[in-house]
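Residue numbers (this note's numbering): 5 to 597. Glycine included, C-beta positions come from ideal geometry on N, C-alpha and C. Fair warning: this is a prediction, and the values are worked out from it, not measured in the lab. Input: a single structure, listed below in structure tokens.
Below you can see the structure in the form of structure tokens.
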């Protein structure tokens, strides 16, 4: 059987990827480039050789006749050989490229959308793609669908390869098989928040005694930002940091999902590395200190040589720090910490180094001297190096703490509690049970009230749920109780959009329109209401996400994504499914519409 006839029997598969028709144009351009860059120059070269041989042959024709005959014979054979090779090369090139490009030229797989292709076939191809993406999304949501067969088949497959390799003494079988990269899918679960997964809740009270009333709001916001940076560097996903006003008390509530060690969390949040630079005292100042206050008891040399007495505080502290980075000493290859100050700190650092050329400038961290390098010259760049005896983990921890920033106001821990995973699992189980009951009720309602359109709505709702959960897992989105509530609300909005469309379809049917006409009119007339309501909801979610606390952001994010996907499900997928079955026998069952 000829190849085109075989392909015609698989017309459905040929047109699956019809939406990728621009690929055909890419291959067409590639074919033209190959013909112009390779084949045509080769043809010109071969023709040039042929004419060269003919010219040489014409020259030899004019020489003496005894030499003419054998030379003519030789050159004729060579010219014919060259011409034959050239012609066969050109033919072989055209034939090879013809075979390569024939599928893309003849098959409908990559053909452009032509006017002669029926809309029904186009809709079918788009639906096949949607079902394909939905099927692949199942592997993302539940990787065990792929991993379980993989674990069962892989040992047997490798056993068979080793058996064949040893039986036929072909060790290259293993090498060939090892080049085929088929791996398992990452089985990372959905991210759960504190209320579902368990974790740690800490409540701090901010001390605003030394902060003026007009600066208290900005100080509290700065405090929240610093705590959020510290918690993010701690490795917690979507922490919840909220400011609360209780009477005259300003409180900061920190929720860390999945963190069971409360002491570790307290240390990570409350630890504040205090960085400061100190200038070396002059001999006159040391002599005055050595004499003691009021000419009393003199200090010993051992007491005088302490860092606290040798160096005096300077104006430069960690509050002027812009960035800290982990670096390495090029001479000793020991880890160091590079400091970069902001504009104000750069000017202070320049003044300090200019006033202390030839003296030591000590760097203190949490009251302990780390290093005391000698200033060689004025440093206007605003950069410094802490070169203590750090290990790499210690240097990395110091960089993290310095970049987190110092707390703008003191905080006191007033409450701490650990939320167990059992309570979270119980809440999750209750949510899943309630959601399942509600979903079954919606399905029964849609089937009884709308029959065939109800079946389509349930199928579209299933696709919507699978694709939305896939997006939640790929972003990823942390599920909390408000977040799950937002997702359930978006499911209800998707059902509401379908009800608006189906109700309009029934009205069109009562006016005497056909099933297909009622479907088109129903979607067309219901779209403005669906669009306006969903846009209003999206505006609300936008405001909630950017202008509220992190506790509400999970609800806004899941609701916003769910609304967008529900519009795609109700208006696009449902319409394609209804129009696809309108030409089947189901359209004749008028009572089911």
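- Around the C-beta of residue 157, fewer than 16 other C-beta atoms lie within 10 Å, and the residue is accordingly described as exposed.
- Look at residue 487 here: in three-state DSSP terms it is helix.
- Annotation: the continuous alpha helix (DSSP H) that includes residue 132 extends over 123-145.
- Three or more beta-carbon pairs separated by less than 8 Å are not found between the segment 458-476 and the segment 535-551, which leaves the two stretches without contact.
- Our two residues, residue 560 and residue 489, have alpha carbons roughly 10 Å apart in a direct line.
- A direct Cα-to-Cα measurement between residue 198 and residue 433 gives close to 15 Å.
- Per DSSP, the unbroken beta strand (DSSP E) holding residue 208 starts and ends at 203-210.
- For residue 159, no beta strand (DSSP E) encloses it; the enclosing alpha helix (DSSP H) starts and ends at 148-171.
- By the CB criterion at 9 Å, residue 314 and residue 285 fall inside the cutoff.
- Annotation for residue 218: no alpha helix (DSSP H) segment contains it, and DSSP assigns it neither H nor E.
- In this structure, the beta-carbon distance from residue 279 to residue 369 falls below 9 Å.
- Looking from the CA of residue 191, the closest CA among 508, 533, 145 belongs to 145.
- Shortest Cα-Cα distance from residue 501 to any of 571, 437, 493 involves 571.
- Judged by DSSP in its simplified three-state form, residue 422 adopts strand.
- Three or more Cβ pairs closer than 8 Å define a contact, and the segment 262-274 falls short of that threshold against the segment 346-363.
- For the pair of segments examined, the segment 383-392 was found to touch the segment 333-351: the number of CB pairs separated by less than 8 Å reaches three.
- With contact defined as three or more Cβ pairs closer than 8 Å, the segment 511-531 and the segment 477-485 are not in contact.
- Annotated three-state conformation of residue 320 is strand, per DSSP.
- According to DSSP, residue pairing for residue 501 in a beta bridge does not occur.
- Within its own chain, the residues whose Cβ lies closer than 7 Å to the Cβ of residue 400, once the five positions on either side in sequence are excluded, are 330, listed in chain order.
- With fewer than 16 other CB atoms across the displayed protein chains lying within 10 angstroms of its CB, residue 438 is exposed.
- Put simply, the segment 490-498 does not touch the segment 506-513. Fewer than three CB pairs are less than 8 Å apart.
- Excluding five sequence positions before and after residue 387, the CB atoms of its chain that fall closer than 6 Å to its own CB belong to 344, given in chain order.
- When Cβ pairs closer than 8 Å are counted between the two stretches, the segment 513-520 is seen to touch the segment 574-591, the count reaching three or more.
- Between residue 382 and residue 288, the alpha-carbon positions lie close to 24 Å from each other.
- A direct Cα-Cα distance of roughly 17 Å separates residue 148 from residue 137.
- With a contact defined as Cβ atoms closer than 8 Å, residue 318 and residue 281 qualify at about 5 Å.
- Residue 577 holds the alpha-carbon nearest to the alpha-carbon of residue 129 among 352, 593, 577.
- Assigned with DSSP and collapsed to three states, residue 344 falls in strand.
- Nearest to residue 371 by C-alpha distance, out of 322, 487, 153, 258, is 322.
- By the C-beta density criterion, residue 589 is exposed, having fewer than 16 other C-beta atoms within 10 angstroms.
- The bridge partners DSSP lists for residue 244 are 259.
- With contacts defined as CB atoms closer than 9 Å, residue 484 and residue 566 fail to qualify as a contacting pair.
- In the three-state reduction of the DSSP assignment, residue 374 falls in the strand class.
- Each of 255, 290, 491 was checked against the Cα of residue 418, and the nearest Cα belongs to 255.
- Contact between residue 206 and residue 413 does not hold, since their C-beta atoms are separated by about 16 Å, which reaches or exceeds 8 Å.
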